[in-house]
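Since the structure comes first, as structure tokens, the remarks are kept for the end.
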Amino acid sequence: MAGERQARLADRIRVILAERLEKGLRDPRLGFVTITDVRVTGDLQHASAFYTVLGT
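In terms of numbering that gives the first Met the number 0, the sequence shown opens at residue 0 and continues consecutively.
Encoded structure:
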């Protein structure tokens, strides 16, 4: 059950980060940033986001 909750939370964080990057940052120097993965600890206290950058 904790694994399901971790997965749901990680997916939600990934979506929110992607939306913020798409709508909130208008810096052409960034190129294209893609959130590839989010991992949440078992106690749901910390998350790590992984990303890739294409372009300049």
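Backbone N, C-alpha and C define an ideal beta-carbon position, used for all residues, glycine too.
Since we're looking at a predicted model, the values are computed, not measured.
Exposed unless 16 or more other CB atoms sit within 10 angstroms - verdict on residue i
i     : result
Val37 : buried
Distance cut-off 6 Å: residue i Cβ against heavy atoms of the ligand FMN
i     : result
Thr33 : The ligand FMN is not part of this structure, which contains no ligands at all.
CB-CB length for residue i against residue j, believed under 8 Å
i     : j    : result
Val39 : Ala9 : 5 Å
Option nearest residue i by Cα separation, candidates the options
i     : options                    : result
Gly2  : Asp42, Val14, Val52, Arg25 : Asp42
Thr35 : Arg7, Gln5, Val14          : Val14
Leu20 : Pro27, Val32, Ile12, Arg11 : Val32
Leu53 : Ala46, Pro27, Gln44        : Pro27
Phe49 : Ile12, Lys22, Arg7         : Ile12
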